[in-house]
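All remarks here apply to the structure that follows.
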Amino acid sequence: MNCNDYSVIEQIAARYNATVLHNEEMKHHTTFKIGGPCDVMININCEALLSELMQECRKSGIKYYIIGRGSNLLVSDKGLNGVVLHIGSDFSDIRTDGDIIECEAGASLMSVCQTALDNSLKGMEFAYGIPGSVGGAVYMNAGAYGGEMKDIVVSCRYIDNGEIKEIPVSEMELSYRHSIFSQKNYCITSVKIKLEKGDKAEIKNQMDTLMQKRKDKQPLEYPSAGSTFKRPEGDFAGRLIEVCGLKGTACGGAEVSTKHSGFVINKGNASCEDVLSVIDIVKKTVKKETGVELQCEVLLME
Ligand SMILES: Cc1cc2nc3c(=O)[nH]c(=O)nc-3n(C[C@H](O)[C@H](O)[C@H](O)COP(=O)(O)OP(=O)(O)OC[C@H]3O[C@@H](n4cnc5c(N)ncnc54)[C@H](O)[C@@H]3O)c2cc1C
Numbered sequence: 336m337n338c339n340d341y342s343v344i345e346q347i348a349a350r351y352n353a354t355v356l357h358n359e360e361m362k363h364h365t366t367f368k369i370g371g372p373c374d375v376m377i378n379i380n381c382e383a384l385l386s387e388l389m390q391e392c393r394k395s396g397i398k399y400y401i402i403g404r405g406s407n408l409l410v411s412d413k414g415l416n417g418v419v420l421h422i423g424s425d426f427s428d429i430r431t432d433g434d435i436i437e438c439e440a441g442a443s444l445m446s447v448c449q450t451a452l453d454n455s456l457k458g459m460e461f462a463y464g465i466p467g468s469v470g471g472a473v474y475m476n477a478g479a480y481g482g483e484m485k486d487i488v489v490s491c492r493y494i495d496n497g498e499i500k501e502i503p504v505s506e507m508e509l510s511y512r513h514s515i516f517s518q519k520n521y522c523i524t525s526v527k528i529k530l531e532k533g534d535k536a537e538i539k540n541q542m543d544t545l546m547q548k549r550k551d552k553q554p555l556e557y558p559s560a561g562s563t564f565k566r567p568e569g570d571f572a573g574r575l576i577e578v579c580g581l582k583g584t585a586c587g588g589a590e591v592s593t594k595h596s597g598f599v600i601n602k603g604n605a606s607c608e609d610v611l612s613v614i615d616i617v618k619k620t621v622k623k624e625t626g627v628e629l630q631c632e633v634l635l636m637e
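Remember, our numbering sits 335 above the position in the sequence shown when you count from 1.
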């Protein structure tokens with residue numbers, strides 16, 4: 336039973352005119368379309384609100400969860416006991432200054448890519464089609480088709496224990512699906528990206544080509560959280576899963592995609608437990624058959 340008192344949290348949100356939702360089903364906020372209700376969700380609309388809420392939660396021992404666009408998350412069927420700080424469209428301004436794009440953390444990568452295209456700036460075509468927020472993308476060091484956030488980010492503003500700080504990319508420890516933000520309790524509030532002047536038609540062509548590749552190879556017609564597993568060194572999770580004969584393996588509504596074995600998809604009303612069961616079968620079988628221990632890229636939130 337929930338015994339948290341959220342009245343102070345809600346007063347803070349009210350001062351900033353932020354939207355507060357109660358018992359909001361997390362499945363409406365994840366691309367997997369999975370996840371039970373959270374006690375309280377606050378749609379963040381500025382840095383100061385985020386900082387105050389994080390400090391208050393810490394002071395009163397309330398658990399908080401940071402989510403962006405929910406595209407790399409598997410949320411528990413039981414939901415989340417605490418406050419969800421939702422960094423999405425209410426905190427998504429994008430500004431350009433020459434070849435620099437500065438965006439609030441909730442801006443979608445797609446809108447940032449669109450801004451780059453509108454301004455004939457090249458360098459982030461790789462990110463076109465990744466359905467996350469720019470904050471979530473830096474946190475994960477998201478990447479595709481030979482590019483990653485590491486290549487284009489200059490610096491970020493973030494909150495550390497209520498204090499707003501700035502960090503250059505050289506100190507972010509960005510490597511394959513890893514950043515300093517996942518090691519410490521830092522919350523990214525804005526991201527500065529540097530691109531290069533390019534040819535608009537060429538940029539558009541590259542974005543369209545990569546989007547078509549995604550459509551051809553990935554099961555975008557079903558809810559998922561993208562690649563379920565990280566790429567093991569020197570190989571591909573999808574290839575290993577396929578050679579182990581696991582394509583189409585299903586538990587309840589969750590299934591290893593027959594189109595792309597690296598994706599576990601929600602074929603209809605899958606629960607978090609269904610997905611975890613499929614992941615468990617895949618990990619155990621791949622380990623037994625090939626000796627490779629697959630690591631999850633998708634993050635479990637409970
Ligand atoms: C169809 C599909 C295709 C995908 N393709 C790719 C791909 O090609 N490459 C790739 O790398 N990923 C891919 N992904 C995964 C996902 O889109 C990325 O990991 C994305 O960067 C996650 O961003 P998000 O805003 O959705 O983060 P969320 O899923 O909401 O959160 C992910 C993690 O980031 C943390 N977080 C989010 N925002 C912040 C913030 N502002 N400050 C601190 N922490 C934060 C959360 O607490 C959580 O731990 C794909 C997903 C889907 C569904």
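Glycine included, every Cβ here is placed at the ideal spot set by N, Cα and C.
query: Below 8 Å on the Cβ atoms is my contact criterion, and I expect Ile347 with Val375 to pass it. Report the Cβ-Cβ distance as a whole number of Å.; result: So it is not a contact: roughly 11 Å between Cβ atoms.
query: The alpha helix (DSSP H) with Met389 in it runs from where to where?; result: 382 to 395
query: Quick one: Cα of Gly396 to Cα of Gln541, how far?; result: 48 Å
query: Buried or exposed: which applies to Ile369, given that a residue is buried once 16 or more other Cβ atoms fall within 10 Å of its Cβ?; result: buried
query: How many Å lie between His364 and Leu415 at the Cα?; result: 13 Å
query: Please look up how many angstroms separate the CB atoms of Leu530 and Leu456, rounded, as I've assumed it's under 8 Å.; result: 4 Å
query: Please report the Cβ distance between Met459 and Ile528, rounded to the nearest whole angstrom; I am assuming they are in contact, meaning their Cβ atoms lie under 8 Å.; result: 7 Å
query: Nearest by alpha-carbon distance to Asn407: which of Cys381, Thr620, Arg430, Asn476 is it?; result: Asn476
query: Whose C-alpha, out of Gly423, Lys413, Cys373, is nearest the C-alpha of Tyr399?; result: Cys373
query: DSSP has Leu415 in a bridge; who is on the other side?; result: Cys373
query: Less than 8 Å between C-beta atoms, sequence neighbours within five positions excluded: which residues of the same chain meet that for Ala353?; result: Ile377, Asn378, Ile379, Asn380, Leu384, Asp425
query: If you reduce the DSSP assignment to three classes, tell me which class Arg350 lands in.; result: helix
query: Look up Lys622 in the DSSP assignment and say whether it is helix, strand or coil.; result: helix
query: How do the segment 515 to 526 and the segment 569 to 585 stand: do at least 3 beta-carbon pairs fall below 8 Å, yes or no?; result: no
query: Do the segment 460 to 471 and the segment 481 to 494 make contact, defined as three or more Cβ pairs closer than 8 Å?; result: yes
query: Can you tell me which residues form a DSSP beta bridge with Asp495?; result: Glu498
query: Going by CA-CA distance only, name the one from Val418, Ser427, Thr625 that's closest to Met361.; result: Val418
query: Kindly indicate which three-state DSSP category Met336 falls into: helix, strand or coil?; result: Low confidence applies here, because Met336 scores a pLDDT of 45, under 50, leaving its location unreliable; read the following figure in that light. Three-state DSSP puts Met336 in coil, outside helix and strand.
query: Could you tell me the distance, in whole angstroms, from the CA atom of Glu506 to the CA atom of Gly603?; result: 42 Å
query: With hydrogens ignored, establish whether the beta-carbon of Phe516 is closer than 7 Å to any heavy atom of ligand 1.; result: yes
query: When the Cα of Leu634 is compared with those of Ile435, Tyr351, Cys607, which residue comes out closest?; result: Cys607
query: Evaluate Ile435 with the Cβ neighbour count: other Cβ atoms within 10 Å of its Cβ, from every protein chain shown; 16 or more gives buried, anything less gives exposed.; result: exposed
query: Can the beta-carbon of Ser562 be found less than 8 Å from the beta-carbon of Glu632?; result: yes
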